[in-house]
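**Q**
In UniProt numbering, the protein residues as written are 1 to 120.
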């Protein structure tokens, strides 16, 4: 049984009381990867007690619909604990998917990280 170190998929930085999350992968597509990213994001809320999450998508070029599902669940989870989720730096292609699925109405999406930090 080889215990490979888990590849980091998120870069997490606390700026004041806001947790900024940057995605390492350009493409968030395969189920296993999405599951791990989801686990890491939920751990921030459930285990580390983070309540203000700013997800920075500047590195992400493609995202599957399964990844969108995780974002919806994360948004709902944060809402249950009076937290807030904001997304920023979303590419035009991904933003179109958010618009088509009406996720842009459910999730707060801002242009950049600075705007995001000021939106809490």
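Just so you know, even glycine gets a beta-carbon here, dropped at the ideal spot from N, CA and C.
1) In terms of DSSP beta bridges, what is residue 62 paired with?
2) So the candidates are 51, 89, 108 and 82; which of them puts its Cα closest to the Cα of residue 57?
3) Between which residues of its own chain and residue 103 is the CB-CB distance below 8 Å, once the five residues before and five after are set aside?
4) Expressed to the nearest angstrom, what Euclidean distance is found between the alpha-carbon atoms of residue 8 and residue 40?
5) Please go through the UniProt domain "STAS" (29 to 120) and give each complete alpha helix (DSSP H) segment of 4 or more residues, from N-terminal end onward.
6) Taking just the CA atoms, how far does residue 105 sit from residue 82?
7) Helix, strand or coil for residue 17 per DSSP?
8) Since residue 109 and residue 85 should fall inside the 8 Å C-beta cutoff, what is the C-beta to C-beta distance between them, to a whole number of angstroms?
**A** So, to answer that:
1) 27
2) 89
3) 68, 71, 72 and 97
4) For residue 8 and residue 40, the distance between alpha carbons rounds to 10 Å.
5) 31 to 46, 65 to 80, 92 to 100, 103 to 106 and 113 to 118
6) 19 Å
7) coil
8) No, residue 109 and residue 85 are not in contact; Cβ-Cβ is about 10 Å, not under 8 Å.
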